[in-house]
Amino acid sequence: MTLSTRLSDRLAAHGLQANKGLGQHFLLDLNVTRKIARLSGAQAGELVIEVGPGPGGLTQALLETEARVYAIERDARFLPLLVELGDAFPGRLTVLHADALKVQETEIEGSDGARIVSNLPYNVGTPLLVKWLTGPFRPRSLTLMFQKEVASRIVAEPGAPDYGRLAVLAAALTHRKLVLEAPARAFTPPPRVDSAVVHLTPRPDAVAGSRLDALQKVTAAAFGQRRKMLRAGLKALGGEALCQAAGVDPAARPETVDLDGFLAIADALLTKA
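Read in order, the letters of the sequence shown are residues 1 to 273 in my numbering.
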């Protein structure tokens, strides 16, 4: 089998189908995967970490940029396909058979400054993003495909229906942009929802340390009861007094409070402690 063979034919030759239990939907259109690779900014010689490569459609597009790819795949069925792909790009594809949620990216050789580019499995997309946003690994950028609903939650602004904890954390740590939308028909098998790609780059003034811990605690409490006023949602942390100390209206709803407001509440919580 040559690399020129269509990805769908390669899958068929190996008798492979998507596993619904793992949230797999294959992106086989190389025109789309090459566009994602371009949007990621991947350059020759750079290391790109990809989660859930599956049959390797996006992997191939990333390798075509002359980047080095470290692919993390949980489903052992795809390892032979990825080995074939690696043979076509000697020395530039490393495949790890593992659960990405358990992988320590900082232990990957050369990972400092690596990019993350992935068509994420639907069932682990949000946990992986939170892991990358709040953990010790600091990628150069993240270019990630999610369900469109999740992508909207990441880039949402205050007052928008999708604005919530994920948007606040992403805004505190990165510059966010929705860069591509992909209809369900672009995937095999087609999911029931459309998808979208979000590109995130770390902020030079990203929140860190105890301030990040406090922000996570405040947003978890506030959006855990998003229909209630802040004074009620934050009652266990100080409620009205905490909001007043931060200069934030205790009667405000969480979805109307911007990043600066939540940071002020986090800082007030630290001062209180």
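Just so it is clear, CB atoms sit at the ideal spot from N, CA and C, and this is done for glycine as well.
As computed with DSSP, residue 185 is found in no beta bridge at all. For the pair residue 128 and residue 170, the CB atoms are not nearer than the 9 Å cut-off.
When DSSP states are grouped into helix, strand and coil, residue 50 belongs to the strand group. Distance from the CA atom of residue 166 to the CA atom of residue 130, rounded to whole angstroms, is 8 Å. With a cutoff of 9 Å on beta-carbon distance, residue 198 and residue 155 are scored as near each other. One thing to note: residue 231 has its Cβ within 9 Å of the Cβ of residue 240. Here residue 52 is buried: its Cβ has 16 or more other Cβ atoms, across all protein chains shown, within 10 Å.
In the DSSP secondary-structure assignment, residue 178 is bridged to 198. Take the alpha-carbon of residue 55 and the one of residue 94: they are about 14 Å apart.
Beta-bridge analysis with DSSP links residue 31 to no other residue. Boundaries of the alpha helix (DSSP H) harbouring residue 265: 259–272, taken from the DSSP string. In the DSSP assignment, residue 71 is bridged to 50 and 95. One alpha carbon belongs to residue 103, the other to residue 71, and they sit about 12 Å apart. Residue environment for residue 218: buried (at least 16 other C-beta atoms within 10 angstroms of its C-beta). With a cutoff of 9 Å on beta-carbon distance, residue 108 and residue 47 are scored as near each other. Take the alpha-carbon of residue 134 and the one of residue 11: they are about 36 Å apart.
The alpha carbon of residue 43 has as its nearest neighbour, out of 65, 49 and 61, the alpha carbon of 65.
When rounded, the separation of the alpha-carbon atoms in residue 87 and residue 144 is 26 Å. According to the DSSP assignment, residue 143 belongs to the beta strand (DSSP E) that extends over 141–147. If you draw a straight line from the Cα of residue 78 to the Cα of residue 16, it comes to about 8 Å.
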